[in-house]
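Student: Okay, handing you the structure first.
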Amino acid sequence: MFTIGEALIDWIPAEKGVGLKEVTAFSKAAGGAPANVACAVARLGGASAFIGKLGEDAFGDFLVETMDEVGVDTTRVLRTREANTALAFVSLKEDGNRDFSFYRSPSADMLLRPEEIGDWFAAGDVLHFCSVDLIDAPVKEAHRAAIARCREAGGIVSFDPNVRLPLWPSPEACRQAILEFLPLARIVKISDEELAFITGIDDEEEALSSLLAGDVEHVIYTRGPAGATWLSRGFRADVPGHAVKAVDTTAAGDSFIGALLYGVQRRPDFRSGIDERAARELLAYANAAAAITTTRPGAIAALPRPHEVEELLAGSR
Ligand code: ATP
Numbered sequence: 374m375f376t377i378g379e380a381l382i383d384w385i386p387a388e389k390g391v392g393l394k395e396v397t398a399f400s401k402a403a404g405g406a407p408a409n410v411a412c413a414v415a416r417l418g419g420a421s422a423f424i425g426k427l428g429e430d431a432f433g434d435f436l437v438e439t440m441d442e443v444g445v446d447t448t449r450v451l452r453t454r455e456a457n458t459a460l461a462f463v464s465l466k467e468d469g470n471r472d473f474s475f476y477r478s479p480s481a482d483m484l485l486r487p488e489e490i491g492d493w494f495a496a497g498d499v500l501h502f503c504s505v506d507l508i509d510a511p512v513k514e515a516h517r518a519a520i521a522r523c524r525e526a527g528g529i530v531s532f533d534p535n536v537r538l539p540l541w542p543s544p545e546a547c548r549q550a551i552l553e554f555l556p557l558a559r560i561v562k563i564s565d566e567e568l569a570f571i572t573g574i575d576d577e578e579e580a581l582s583s584l585l586a587g588d589v590e591h592v593i594y595t596r597g598p599a600g601a602t603w604l605s606r607g608f609r610a611d612v613p614g615h616a617v618k619a620v621d622t623t624a625a626g627d628s629f630i631g632a633l634l635y636g637v638q639r640r641p642d643f644r645s646g647i648d649e650r651a652a653r654e655l656l657a658y659a660n661a662a663a664a665i666t667t668t669r670p671g672a673i674a675a676l677p678r679p680h681e682v683e684e685l686l687a688g689s690r
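When you read off a place in the sequence shown, starting at 1, and then add 373, the result is the number in our numbering.
As structure tokens, then:
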């Protein structure tokens with residue numbers, strides 16, 4: 374499976390519950406949702422490759438090394454001297470939620486160009502993308518090129534909007550970019566916090582159904598600790614989350630969709646459609662992987678290994 378978009382440095386504050394102005398120290402962590410998802414798949418034992426551009430700088434080296442160590446194929450990562458690797462400064466609120474302040478003007482990831490996308494995709498391959506790099510920059514067209522090539526090859530395109538409003542000139546610009554790319558995906562993952570914003574519909578049922586348009590055949594709706602829902606034209610499956618002691622929900626969504634796509638990749642029959650039972654199994658696996666991620670601090674460091682997911686699932690049967 375492939376992910377495309379940003380890999381960046383998350384600067385994690387030493388203190389919780391204070392604004393960026395008051396933070397006294399930050400520590401460096403690899404991040405960026407598409408990079409996290411590639412790592413989630415590799416950590417579970419699956420094959421994954423990250424497509425993106427990084428600066429020819431120390432932070433770019435760090436990100437490539439981190440992905441390599443986890444087992445992600447980084448041979449499609451390009452490097453440039455034209456811009457630096459993106460940085461995101463994070464502030465942690467008391468409730469564990471995060472605020473971001475991004476430094477990219479532009480950053481190297483935004484300079485990935487459509488002609489740099491190769492003939493990399495085969496039938497059944499999964500290509501996953503998010504919305505941060507759908508900003509007006511060459512990388513938006515690179516996404517379009519990768520998605521077109523993957524679709525032509527008979528691949529499965531997956532989209533997690535993963536809304537990050539501070540990056541956009543306005544909320545509406547973010548929403549429009551998401552709406553432009555939604556119909557190109559076969560699988561769409563969306564969280565309860567994003568649904569009304571993206572669809573513009575307050576009623577949950579109506580909003581979810583509205584997403585089944587264009588190429589979209591599977592809507593995966595995550596509801597934090599409550600678990601997740603799979604909506605397709607034929608069925609709706611709700612699978613509860615696991616009760617765990619959550620300490621840091623960073624990358625829970627990335628761990629979730631990584632585990633789900635790892636499962637999709639392992640089902641050669643997925644392209645011809647799946648039934649409710651299979652959807653429930655995939656959701657249960659993804660819920661378990663994401664729950665484990667919330668029990669540990671950090672993003673990539675918190676992603677589970679396969680035996681941990683199996684153990685949690687076995688304990689809940
Ligand atoms: P993120 O905060 O990483 O952006 P998200 O908003 O995309 O995540 P959520 O709905 O918050 O997505 O969480 C994704 C999945 O992670 C949930 O469907 C659930 O399986 C798991 N999860 C999240 N929070 C918890 C929790 N406190 N306890 C157990 N599982 C959780």
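Beta carbons: idealized from backbone N, C-alpha and C, even for Gly.
Any chance you could list the beta strand (DSSP E) runs of at least 3 consecutive residues sitting entirely within the stretch 553-637, in chain order?
Tutor: DSSP runs (the beta strand (DSSP E)) wholly in the stretch 553-637: 560-564, 591-595, 601-605 and 609-612.
Student: Tell me the rounded alpha-carbon separation between Val691 and Ala406.
Tutor: Residue 691 lies beyond the residue range present for the chain, which begins at 374 and ends at 690; the question has no answer from this structure.
Student: So, with DSSP's three-state summary, where would you put Leu484?
Tutor: Looking at Leu484 - three-state DSSP - the assignment turns out to be helix.
Student: How would you write the range of the alpha helix (DSSP H) that Ala415 sits in, first residue to last?
Tutor: Where Ala415 is concerned, the enclosing alpha helix (DSSP H) stretches over Ala406 to Arg416.
Student: Using alpha carbons as the reference points, say which of Leu427, Val536, Leu686 and Gly636 lies closest to Thr448.
Tutor: It is Leu427 whose Cα lies nearest to the Cα of Thr448.
Student: For His591 and Ser628, what's the separation of their Cα atoms in angstroms?
Tutor: For His591 and Ser628, the distance between alpha carbons rounds to 18 Å.
Student: Does the count of Cβ pairs from the stretch 553-568 and the stretch 528-536 closer than 8 Å reach three?
Tutor: Touching, yes, given that three or more Cβ pairs across the two stretches are closer than 8 Å.
Student: Are the beta-carbon atoms belonging to Gly631 and Val437 less than 9 Å from one another?
Tutor: No; because the gap between Cβ atoms is not below 9 Å, this pair is not in contact.
Student: Rounded to whole angstroms, what is the Cα-Cα separation between Thr622 and Asp492?
Tutor: About 36 Å.
Student: Please tell me whether Lys584 and Leu555 are closer than 9 Å, where the distance is taken between their beta carbons.
Tutor: Note that residue 584 is Leu in the sequence shown, not Lys. The answer is yes: Cβ separation under 9 Å.
Student: Mapping DSSP to helix, strand and coil, what is Pro641?
Tutor: Three-state DSSP puts Pro641 in coil, outside helix and strand.
Student: Counting along the chain, where does the beta strand (DSSP E) carrying Asp511 start and finish?
Tutor: One detail in the question is off: residue 511 reads as Pro in this sequence, not Asp. Premise fails: Pro511 lies in the alpha helix (DSSP H), Pro511 to Glu525, not in any beta strand (DSSP E).
Student: Would you tell me roughly how many angstroms separate the C-alpha atoms of Ile571 and Val396, rounded to the nearest one?
Tutor: Between Ile571 and Val396, the C-alpha separation is close to 32 Å.
Student: With respect to the beta strand (DSSP E) encompassing Asp533, which residues constitute its N-terminal and C-terminal limits?
Tutor: Ile529 to Asp533 is the span of the beta strand (DSSP E), which, as asked, contains Asp533.
Student: Let me know the secondary structure DSSP gives Arg452 once reduced to three states.
Tutor: Strand, per DSSP.
Student: Short of 6 Å in beta carbon distance, which residues of its chain neighbour Asp498, apart from the five on each side in sequence? Order them along the chain.
Tutor: Taken in chain order, the residues that qualify are Gly528.
Student: Between Ile673 and chain B, is there a C-beta pair that is closer than 9 Å?
Tutor: The displayed structure is made up of one protein chain only, and chain B is not part of it.
Student: Indicate the three-state DSSP secondary structure (helix, strand or coil) for Asp648 in the structure shown.
Tutor: Three-state DSSP puts Asp648 in coil, outside helix and strand.
Student: Since Val499 is in the alpha helix (DSSP H), which residue starts that stretch and which ends it?
Tutor: Where Val499 is concerned, there is no enclosing alpha helix (DSSP H), although the beta strand (DSSP E) it sits in stretches over Val499 to Cys503.
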